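So the structure is just underneath, and the comments pick up after that.
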Amino acid sequence: MSVFPDLCAIKLDCEASAIELFQRCQHESYALLLDSAAQSHQNCAYDIIFRQPELILNCKAGKLNVSTDAPLELPPAPEDAAELCRYAGQLNQLSGHYSGPAELPFQGGFAGAVGYDHGRSLEVIPEFNADIYQSPDAVLAYYSQALIIDRQSNAIWLVAPIEGSEELREFWEQPVATKKPDAFQLLSDWQSNMSEQQYTEKFKAVQNYLLAGDAYQINLAQRYSARYQGSEWSAYLKLRQANSAPFSAFMRLPGSAILSLSPERFLLTDAKGLVETKPIKGTRPRFENSLKDQASQQALLTSEKDRAENLMIVDLLRNDLSKNCKPGSIKTPSLFAIESFPAVHHLVSTVIGKLQPDRTALSLFNGAFPGGSITGAPKIRAMQIIEELEPHRRSIYCGSMGYFSQHGRSDTSITIRTLLAENDHLYCWAGGGLVADSTAADEYQETKDKVSRILPVLTS
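Sequence positions in the sequence shown follow UniProt numbering and run 1 to 460.
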């Protein structure tokens, strides 16, 4: 039985960019752009635009809410936010028939943003900090309309309900309007929620936990905030120009917006159940001087500390994937590869696996969330310590954005280098994994390096 409409795929006759096309709907609630902004990066295969969802699954304060304007006969919805992925998976099985190219990555299904704080619904985490954000902890929406821009062929495909597809084709094929970007400006300086001295004190507390054997690695982050006015989309365009990141994204919510310039993949699955995750752990700054830049890259590649940190997270992710993957299928084809971005060099590893026959991309996501690269190891104890030491909740930071197509393919990011805009305030976080031989000054500077192409860009 299908609840959602039957879908077709239409190749469009237009040559516009994803940015030009998304400009048409960026003001709509639940409009979402998954933006492969790094032109030459190996992971930049598609840009995908989602709009006008059939229904929305919204989680806040441990509760799951379902909203829809369509007359859908849905199975009973659980109230517990911990059931988000299970219920989304159940609904994905009620997708309508899709007729179109089998290779298109999205063929109807769910997409959205899951914040770090959704992890409170999945694990036992103490509550030291009040929730000051109005944005949901998680929002997954079912989309029967998606525009897919194939970066390699430059083809543009519209996935849409068969009924009404011609009207949607006309909407997307209309000439691109040249329009001056709306205004955006900061109204205050960026303020961190901890001084360098306070960061150092929290660093020492982390060291005490590490030496006591509570954890092997703990991620500690600071949060910057500033007041602003104007268009969040214009702010994203400025950031995108300075930050060509392969897992960038923009999502418009009813009372807020998410601006993500993420370099990190969380989980990729294909229609055959093959799984890939690419954790980042290890960072060095970029330099305009090529010799200094090469030296910085080489220092990262040969750093025993960074390699040890990376290996800890690889082991954690191997364990997380094993909950839903076939025994013996999990392998690590790449350890300690260098990937370079405008602001920093990163140390990246790759872990792969194969889903068990009765598991889905959503059950895999649920079993691995939040990503170990931004918590520490062991994960739950690291999350408990993070809650104790960080002054505010993380909201979307260190969560995930992406899609879960009904045919089994999914691709999600880790939302680092990500901003939340709500109530005329911008929030931006930066953190890093701390281990026993970390130094406070170096780790504090690393958090600065990670936002060096974000905070000044919006200040100018």
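The C-beta atom is built at its ideal place from N, Cα and C for all residues, glycine as well. Keep in mind it's a predicted model, so treat the numbers as computed, not measured.
The beta carbons of Ser410 and Phe247 sit no closer together than 9 Å.
When DSSP states are grouped into helix, strand and coil, Val457 belongs to the helix group. The beta carbons of Thr459 and Leu186 sit about 6 Å from each other, so the pair counts as a contact at 8 Å.
For Phe50, the three-state secondary structure derived from DSSP is strand.
Annotated three-state conformation of Cys85 is helix, per DSSP.
Burial of Glu264 is indicated by the presence of at least 16 other C-beta atoms within 10 angstroms of its C-beta.
Scanning its chain for C-beta atoms nearer than 8 Å, with the 5 sequence neighbours on each side dropped, one finds around Pro126 the residues Gln384, Glu387, Glu388, in chain order.
DSSP, read as helix, strand or coil, puts Asn208 in helix. Bridge partners of Val114 according to DSSP: Ala138, Ser400. By the Cβ criterion, the segment 62-75 is not in contact with the segment 180-194, since fewer than three pairs of Cβ atoms, one from each stretch, lie closer than 8 Å. In the three-state scheme derived from DSSP, where H, G and I count as helix and E and B as strand, Leu259 is classed as strand. Secondary-structure assignment with DSSP links Trp190 through no beta bridge to anything. Using a Cβ-Cβ distance cut-off of 8 Å, the segment 441-455 and the segment 393-407 are not in contact, since fewer than three pairs of beta carbons, one from each stretch, lie closer than that value. Pro279 is not a Cβ neighbour of Val206, given a cutoff of 9 Å. In this structure, Gln107 lies near Ala9, with their beta-carbon atoms less than 9 Å apart. Taken in chain order, the whole beta strand (DSSP E) runs of length 3 or more contained in the segment 254-332 are 256-262, 265-269, 274-277, 280-285. For the 9 Å CB-CB criterion, Leu239 and Leu364 do not form a contact. Of the residues assessed, Thr277 falls on the buried side of the cut-off, its CB having 16 or more other CB atoms within 10 angstroms.
Secondary structure note for Leu57: its beta strand (DSSP E) is the uninterrupted segment 55-60. For Ala382, the secondary structure class from DSSP, reduced to helix, strand or coil, is helix. Across the set Asp437, Asn219, Ser144, the C-alpha of Ser144 shows the shortest separation from the C-alpha of Ala31.
Annotation for Arg227: the continuous beta strand (DSSP E) segment containing it runs 217-230.
Excluding its 5 nearest sequence neighbours in each direction, Tyr46 has C-beta neighbours in its own chain below 7 Å: Ser36, Pro105, Ile148, Ile149, Asp150, Arg151, listed in chain order. Relative to Gln222, the option among Ala436, Gln197, Arg86, Gln298 whose CA is nearest is Gln197. Distances from the alpha-carbon of Ser340 to those of Arg286, Met1, Tyr427, Pro71 put Arg286 closest. Ranking Pro75, Cys14, His118, Ala61 by CA distance to the CA of Met1 puts Pro75 first.
The distance from the Cβ of Gly115 to that of Ile218 is about 20 Å, inconsistent with a contact at the 8 Å cut-off. The alpha-carbon separation between Glu232 and Val457 amounts to approximately 14 Å. In this structure, the beta-carbon distance from Leu362 to Val275 does not fall below 9 Å. Taking 9 Å as the cut-off, the beta carbon of His392 is found no closer than this to the beta carbon of Arg227. With 16 or more neighbouring CB atoms inside 10 Å of its own CB, Asn92 falls in the buried class. When secondary structure is reduced to three states using DSSP, Tyr30 falls in the coil class, being assigned neither helix nor strand. The count of Cβ pairs closer than 8 Å, one atom from the segment 128-138 and one from the segment 301-308, stays below three, leaving the stretches out of contact.
Per DSSP, Asp411 is one residue of the beta strand (DSSP E) stretching across 410-413.
Annotation for Leu12: no alpha helix (DSSP H) segment contains it, and DSSP assigns it neither H nor E. With contacts defined as CB atoms closer than 9 Å, Ala146 and Ile56 fail to qualify as a contacting pair.
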